[in-house]
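Quick note: the sequence shown uses full-length UniProt numbering, first residue 1, plus one each step.
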Amino acid sequence: MSSAKETLHRQWLMLQWIPRHPQRTTARELSERLAAEGYEVSKRTVERDLDSLSAAFPLVADEREKPFGWSWQRDAPAFSLPGMSPLQAMVLQLARSHLQGLLPTHLMDQLAPYFDQASLTLSQVPNRGLASWSDKVETIAPNQPLLPPLVDEAVLATVHLALQQDRQVRIEYRARGSGEARTHRIHPLGLVQRGPVTYLICRFGQHEDIASLPLHRMLSAEAVEDPVERPDGFNLHDFVHGGAMGFFDRGPIRLVLRMETPAAEHLRETRLSEDQVIVADADPDWVVITATVRYTSQLVWWINSFGEQVEVLEPEDLEA
C-alpha cells in the first residue's frame, strides 16, 4: 500500500475508534489498536494525525490532565465510512471455511463481496504478519479424517430455503442399501453436522416420529408452499443431545478411572476437569484418576478408545 493510502486508511480507522464526548481515548490507546490492525506507528505519529484531523473534524482534546483524551464533540454528526479493518478482514477469512456448509447457499452468496473485500484488505496491509495469519494457524481433527459425501447443490439450496421459510419439502430419497428411490413429503426441522455428514432432522408427513436423513442420499428436493408443522416443544439441541442421533448428555458425574500410567500421561497436561486428581495405584504401572465430568456419548467413546488400558471404577453403571 502506498504511503498516502496507508495514512488515509489509518486515519479513517482512528476516526471510527474515537468515542463521542464524554467518553475519550488517548493517542497511546489508538497506537496500540493500530498495531493490532497491522499499522506499526509511534504514539507521536498518532498525535500528529489527531492534530491534523481535529482541524477538519469536530474533535476535541481534554487537556486538563495527561495523557490527553480525545473525543468527538457531543453534538457532532455521526461518522461512518464503508470499509473493513485488517483485523475484521482476518476474522472473516478464518470464518469463511467454517461457515461453508452451515449457512444457506444464498446467504453465502450474499457474503461473497465481504469475503472478497477481506482478501483485498489483507493484500494491502503493510504488516504482512497479520495478512498471512491464516497461513500460520491450522485446526485438525483428533480422529481419522473422512472425505464428506457429495451433496447435490440444488438439494442443499432447497433445504436451506425451506428451513429459513419454514416450508415443507418434497424429496426423492434413497435409503442405505436400497436400490429404489422413494418420494416423501417432509417437515424440515433443522440441520446437524456430524463429522463429514450433514443430516436433515425432519418429520415424514403426518407421522409424529422425528427422523435424521443424510443429505447426500437425497436425489432431488422441491420446497412446497405448505408450512412446516413442528412438534410441540421440539428443540433441536435437546433432540441431538438426548441420544436420538447417538449423542446424549446426562449431566455431571464423579468419574473414577484406573488407567495404565503411559495412557494417562497426557491427562497431566490436558485435564478432564478443574478438580481432576491423579494418584498412584497399588500397581506401579497404573494410576487412579478422579474428575467431575459430564456423562456424554463422547465420554463413553473416549473411554472405550483406550481398550484394556482403562477400567471404570465409578460410576458402576457407566456404559463403557
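All residues carry an ideal CB built from backbone N, CA and C; glycine is no exception.
Spatial distance of residue i from residue j (CA atoms)
{"i": "G179", "j": "R217", "result": "11 Å"}
{"i": "R176", "j": "P214", "result": "10 Å"}
{"i": "L318", "j": "A112", "result": "48 Å"}
{"i": "S153", "j": "V91", "result": "It should be pointed out that residue 153 corresponds to Glu in this sequence rather than to Ser. Each residue's alpha carbon lies about 26 Å from the other."}
{"i": "T183", "j": "I289", "result": "52 Å"}
{"i": "E47", "j": "Q88", "result": "24 Å"}
{"i": "R74", "j": "L59", "result": "9 Å"}
{"i": "H207", "j": "D166", "result": "17 Å"}
{"i": "W133", "j": "Q16", "result": "24 Å"}
{"i": "Q309", "j": "L147", "result": "30 Å"}
{"i": "S85", "j": "D249", "result": "41 Å"}
{"i": "F204", "j": "A211", "result": "8 Å"}
{"i": "V277", "j": "S305", "result": "21 Å"}
{"i": "V198", "j": "R271", "result": "Per the sequence shown, the amino acid found at residue 198 is Thr instead of Val. Approximately 31 Å between the Cα atoms of the pair."}
{"i": "W72", "j": "D226", "result": "53 Å"}
{"i": "G190", "j": "W302", "result": "27 Å"}
{"i": "L34", "j": "V224", "result": "51 Å"}
{"i": "P315", "j": "L255", "result": "6 Å"}
{"i": "M1", "j": "Q124", "result": "Note that M1 has pLDDT 48, beneath the 50 cutoff, so the model's placement of it is unreliable and no number is given."}
{"i": "K136", "j": "S97", "result": "15 Å"}
{"i": "S31", "j": "K43", "result": "6 Å"}
{"i": "L257", "j": "D285", "result": "14 Å"}
{"i": "L200", "j": "L161", "result": "13 Å"}
{"i": "Q168", "j": "C202", "result": "10 Å"}
{"i": "A27", "j": "W12", "result": "15 Å"}
{"i": "L94", "j": "V279", "result": "41 Å"}
{"i": "L313", "j": "Q193", "result": "33 Å"}
{"i": "R20", "j": "H237", "result": "42 Å"}
{"i": "A4", "j": "P22", "result": "32 Å"}
{"i": "A181", "j": "Y173", "result": "5 Å"}
Terminal residues of the beta strand (DSSP E) in which residue i lies
{"i": "T290", "result": "286 to 296"}
{"i": "T198", "result": "197 to 204"}
{"i": "A211", "result": "210 to 214"}
{"i": "D62", "result": "59 to 62"}
{"i": "R258", "result": "249 to 260"}
{"i": "V277", "result": "277 to 280"}
{"i": "S71", "result": "69 to 72"}
{"i": "H207", "result": "Looking at the DSSP string, H207 is not in any beta strand (DSSP E), and its letter there is neither H nor E."}
{"i": "Q193", "result": "182 to 194"}
Per-residue DSSP class, three states only, for residue i
{"i": "M1", "result": "Unreliable positioning characterises M1 in this predicted model, as indicated by a pLDDT of 48, which lies under 50. The coordinate reading is nonetheless provided below. In the structure shown, M1 sits in coil (DSSP, three-state: anything other than H, G, I, E or B)."}
{"i": "R268", "result": "helix"}
{"i": "A118", "result": "helix"}
{"i": "T139", "result": "coil"}
{"i": "E308", "result": "helix"}
{"i": "V91", "result": "helix"}
{"i": "A263", "result": "helix"}
{"i": "P227", "result": "strand"}
{"i": "T7", "result": "helix"}
{"i": "I18", "result": "coil"}
{"i": "A221", "result": "strand"}
{"i": "E32", "result": "helix"}
{"i": "L313", "result": "strand"}
{"i": "R24", "result": "coil"}
{"i": "R96", "result": "helix"}
C-beta neighbour in chain B for residue i, strict 8 Å
{"i": "E222", "result": "Protein chain content of the structure displayed is limited to a single chain, and chain B is not contained in it."}
Extent of the continuous alpha helix (DSSP H) to which residue i belongs
{"i": "L163", "result": "153 to 165"}
{"i": "V46", "result": "43 to 56"}
{"i": "L236", "result": "236 to 241"}
### Segment contact, 8 Å Cβ cut-off, at least three pairs: the stretch 143 to 158 with the stretch 39 to 58
The stretch 143 to 158 makes no contact with the stretch 39 to 58, as fewer than three CB pairs between them are under 8 Å.
### Query
Do the stretch 225 to 235 and the stretch 256 to 267 meet, that is, are 3 or more Cβ pairs less than 8 Å apart?
No: the two stretches stay apart, fewer than three of their Cβ pairs being nearer than 8 Å.
### Query
Should the stretch 290 to 301 be called in touch with the stretch 235 to 247, which here means at least 3 C-beta pairs below 8 Å?
Flag = yes, the stretch 290 to 301 and the stretch 235 to 247 touch.
### Task
Specify whether the stretch 114 to 121 and the stretch 184 to 200 touch according to this definition: at least 3 beta carbon pairs, one from each stretch, less than 8 Å apart.
Taking 8 Å as the limit for Cβ pairs, the verdict is that the stretch 184 to 200 does not touch the stretch 114 to 121.
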